[in-house]
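Just remember that this note's numbering sits 38 ahead of the position in the sequence shown, which is counted from 1.
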Amino acid sequence: MSEGSKWSINRSGFCGMRSKKFDGFIDLDGYDSIAMRLKGDGRCYISTMYTENWVNSPGQAEDNSWQAFVLLQRETGIQLRQVPLTRYLPTWKGNVIDADMEMNPGRVVGISLSVNSQGGGFIGAKLGAGDFRVEIDWIKALRMP
Numbered sequence: 039m040s041e042g043s044k045w046s047i048n049r050s051g052f053c054g055m056r057s058k059k060f061d062g063f064i065d066l067d068g069y070d071s072i073a074m075r076l077k078g079d080g081r082c083y084i085s086t087m088y089t090e091n092w093v094n095s096p097g098q099a100e101d102n103s104w105q106a107f108v109l110l111q112r113e114t115g116i117q118l119r120q121v122p123l124t125r126y127l128p129t130w131k132g133n134v135i136d137a138d139m140e141m142n143p144g145r146v147v148g149i150s151l152s153v154n155s156q157g158g159g160f161i162g163a164k165l166g167a168g169d170f171r172v173e174i175d176w177i178k179a180l181r182m183p
């Protein structure tokens with residue numbers, strides 16, 4: 039996207055960006071959280087990590103997705119958000135899978151960030167259709183003391 043391009047939520051309830059599939063894997067075994075330095079607009083965003091498929095049936099090309107909500111306050115400038123890997127929930131087509139499962143952090147194949155028009159349960163989050171804007175400075179994996 040370029041500066042000045044206009045995007046808005048329309049019918050689907052979300053819009054996002056996803057990394058290209060990594061050549062191999064990103065090994066996050068030695069880390070316990072994802073940190074993001076972002077500037078937001080008061081909306082809730084969905085941070086997604088895709089891992090090698092080991093939950094679905096063998097032979098399926100679709101990766102497993104793990105999602106966590108991130109609220110970006112309006113008009114507060116650059117914000118640091120840290121999401122423990124344990125807060126990422128297993129999902130299938132946007133719905134949480136109600137099962138006791140663990141993410142395989144050693145086999146991350148992609149990441150994404152999407153706007154969520156429903157607010158993710160955060161009080162005060164901007165909801166519904168309309169303009170949105172998020173600026174990403176960086177995304178890193180961290181080891182917490």
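Glycine included, C-beta positions come from ideal geometry on N, C-alpha and C.
Proximity below 7 Å, CB of residue i to CB of residue j
i, j, result
"residue 57", "residue 148", "yes"
"residue 150", "residue 62", "no"
"residue 170", "residue 81", "yes"
"residue 146", "residue 87", "yes"
Whole-Å CB distance - residue i paired with residue j, under 8 Å assumed
i, j, result
"residue 85", "residue 121", "6 Å"
"residue 126", "residue 141", "6 Å"
"residue 167", "residue 155", "6 Å"
Alpha-carbon spacing of residue i relative to residue j, whole angstroms
i, j, result
"residue 175", "residue 90", "27 Å"
"residue 164", "residue 132", "20 Å"
"residue 78", "residue 123", "22 Å"
"residue 113", "residue 70", "29 Å"
"residue 111", "residue 67", "30 Å"
"residue 179", "residue 72", "5 Å"
"residue 60", "residue 160", "32 Å"
"residue 137", "residue 65", "24 Å"
"residue 158", "residue 117", "18 Å"
Backbone secondary structure at residue i - three-state DSSP
i, result
"residue 56", "strand"
"residue 128", "strand"
"residue 171", "coil"
"residue 75", "strand"
"residue 158", "helix"
"residue 66", "coil"
"residue 81", "strand"
"residue 183", "coil"
Contact set for residue i: own chain, Cβ-Cβ below 6 Å, skip 5 residues either direction
i, result
"residue 129", "103, 105"
"residue 108", "83, 85, 119"
"residue 177", "74"
"residue 162", "none"
Contacts around residue i, its chain only, beta-carbon distance under 7 Å, and the 5 residues preceding and following it disregarded
i, result
"residue 173", "76, 77"
Own chain partners of residue i with C-beta closer than 8 Å, once the 5 adjacent residues on each side are dropped
i, result
"residue 115", "77"
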